[in-house]
Amino acid sequence: MMTVISSTHATVKERPVTTLDQQPAKAEGRKDPWGVLLEKVGKHQDRAAYHALFEHFAPQLKYYAISNGMASHAEELVQEVFISIWRRSCLYDWRKAAASTWIFTIARNQRIDMLRKMQRTSAEMAVETEDLWQIPGDNEDEPVTSLHRLMSERRIRESLSQLPEEQITVIAKVYMEHKSHQMVADELQIPLGTVKSRVRLALNKLKVILQDQNV
Amino acid sequence: MTRHHPDSLSLMEYSAGNLSEPHALCIRLHLDQCPHCRSRVDTLNSLGAVMMDQQPKVTVSDNSFDQLMARIDAAPADASPVAKTPRMSPLQKLLGQDINDLPWKRQLGDVSVLDISEKFPGQSERVVLQKLVAGGKAPAHTHRGNETTIVLQGAFADQKGVFNQWDFVVLNEQDEHKPVAVGCEDCITLSVLSAPLKLTGTFTRLLNPFMR
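So the protein sequences, as listed, match chains A and B. The opening residue of the first sequence carries number 85 in this note's numbering; numbering runs sequentially from there. The opening residue of the second sequence carries number 7 in this note's numbering; numbering runs sequentially from there.
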């Protein structure tokens, strides 16, 4: 289960990314359109931009809630995620995460948070959800590797279209239905090992485990 | 520099938000110190975003956006931007004091333990802190079920290698080892023991990763 990686991974070359101030034109070209809108919300509380984000992401989030078994709280989850987007947009940095990735992590945390609160009183929560599941880029002062990150979303999209259906099915159940690998195995009536190998094959194709193997 | 990392499948379960709270804590503590794994999780989060985008969409109710704006306008405090303040380490928050000053329970020889499972109400796993005094040895032992361990302070060594601060280890029944605390600090670890429900009673002692 353990992945041992030599310390040389620290030297993996990541192209340094220039700041906005240095090369505005070039940097603008790399922004994704949703990131541009998110920045407008963060900087100017731009309601038109916020509405455009809502139109695009709210239907995704509603399905996310329903597929995760929260049908009766689906609208509530959408609302909570968007309140959180409004409040946190000033922290969003397009160089650290694509907007959709950032919104996905907020949705994931909000889903976990709502479930935790339904299950117990807040007095019992010794650790907050965000102590366990962090939002990328929120409190990090590390070198920005945006090109790598924005590219990775595009690359994932492209690679995903080439994966066999059986691999996508497993990944979808893990991400959209909140199912552990064991639960996916039980549901599809296949051995746990098969589920894991399908996930590994997919992650390999998606280059998630590239670094494990190359160093 | 950490050398022992969580595997990709665990990071995926973390990214999907499917891990239990104690397991998520172990991953989170590792991520805080490991840029390499943070980058892997970033990619996995992007996978989550792409999955969400490629799944069906469900129309929200007509007045949903208006309700949202009404909420933002009505409760400026609730909807005010969050400040970018440095957060306390989740571990510090959980324990409330220095890890060395905890009410450790000496168990046997060089080993002390502290069961903190009650900090995670509703979770089926046992969550145990262990301390092996600097230079101390734990008796040879095996493990029951899966044990996820992260080194919080110091280092220990066994026949598989040296595990330093923030290293991540998963052990099971097949792993018999005889850890020794190396270096000049006491070695403190956090372990999450996935417990078969049939075990009760003497179970904490039986599952102690350092000994049984």
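Backbone N, C-alpha and C fix where the C-beta goes; we use that ideal spot for every residue, glycine too. None of these values were measured; they are calculated from a predicted model.
Where residue i falls: helix, strand or coil (DSSP)
i	result
B:ALA144	coil
B:GLN60	helix
A:LYS263	coil
A:LEU121	helix
B:VAL186	strand
B:HIS149	coil
A:GLY76	Because chain A spans 85 through 299 in this model, residue 76 of chain A falls outside it and cannot be assessed.
A:VAL165	helix
A:GLN107	Since pLDDT at A:GLN107 reaches only 43, below the 50 mark, its modelled position is unreliable, and no value is offered.
A:ILE255	helix
A:LYS291	coil
A:LYS127	helix
A:SER156	helix
B:SER16	helix
A:ALA286	helix
B:CYS40	coil
B:GLU179	coil
A:PRO248	coil
B:VAL66	coil
A:GLU98	Because the pLDDT at A:GLU98 is just 41, under 50, the model does not fix this residue reliably, and the point stays unresolved.
B:GLY54	helix
A:ASP116	coil
A:LEU218	The displayed chain sequence assigns Gln, not Leu, to residue 218 of chain A. Coil at A:GLN218, not helix or strand.
A:LEU137	helix
B:LEU25	coil
Within-7 Å CB hit, residue i to chain A
i	result
B:ILE78	yes
B:ARG34	yes
B:GLN165	no
B:GLN61	yes
B:LEU120	no
B:GLY128	yes
B:THR65	yes
B:PHE71	yes
B:THR49	yes
B:LEU74	yes
B:ASN24	yes
B:VAL117	no
B:SER52	yes
B:SER14	yes
B:LEU31	yes
B:LEU100	yes
B:ALA55	yes
B:VAL168	no
B:PRO28	no
B:PRO109	no
For residue i, the residue or residues it bridges with in DSSP
i	result
B:ILE156	B:PHE174 and B:LEU196
B:GLY167	B:ASP164
B:GLN136	B:VAL119 and B:THR195
Residue-level contact to chain B via CB, residue i, 7 Å cutoff
i	result
A:ALA136	no
A:GLN144	yes
A:SER243	no
A:GLU237	yes
A:GLN246	no
A:GLN194	no
A:ILE240	yes
Proximity test, residue i beta-carbon vs the ligand COA heavy atom, cut-off 6 Å
i	result
B:ASP48	Absence of the ligand COA is noted for the structure shown, with no ligands found whatsoever.
Which of the residues in the segment 250–267 of chain A, read from start to end, lie with their CB under 8 Å from any CB of chain B?
The residues in question are ILE255, ALA256, VAL258, TYR259, MET260, HIS262, LYS263, SER264 and HIS265.
Write down every uninterrupted run of the beta strand (DSSP E) in the segment 80–134 of chain B whose length is 3 residues or greater and which is fully enclosed by it, in chain order.
Correct list: 111–114 and 117–121.
For the segment 152–169 of chain A, list every residue whose C-beta sits within 7 Å of some C-beta in chain B, in sequence order.
Correct list: GLU159, VAL162, GLN163, PHE166 and ILE167.
In chain order, which alpha helix (DSSP H) runs of at least 4 residues are fully inside the segment 175–211 of chain A?
Counting only runs of 4 or more, we get 183–203.
Output needed in chain order: residues of the segment 272–290 of chain A with a Cβ under 8 Å from some Cβ in chain B.
Against chain B - using a Cβ distance shorter than 8 Å - the residues of the segment 272–290 of chain A are LYS280, VAL283, ARG284, LEU287 and LEU290.
Quick one: which residues of the segment 171–185 of chain A get their C-beta closer than 7 Å to a C-beta of chain B? List them in chain order.
Cβ proximity to chain B below 7 Å picks out ARG171, ARG172, CYS174, LEU175, ALA181, ALA182, SER184 and THR185 from the segment 171–185 of chain A.
Which residues, taken in chain order from the segment 208–220 of chain A, show a beta carbon closer than 7 Å to some beta carbon of chain B?
The residues in question are GLU208, ALA210, VAL211, ASP215, LEU216, TRP217, GLN218 and PRO220.
Contact residues within the segment 134–166 of chain B, judged by C-beta distance below 7 Å to chain A:
Against chain A - using a Cβ distance shorter than 7 Å - the segment 134–166 of chain B contributes no residues.
Relative to chain A, which residues along the segment 184–201 of chain B have a C-beta separation below 7 Å, given in chain order?
The residues in question: there are none.
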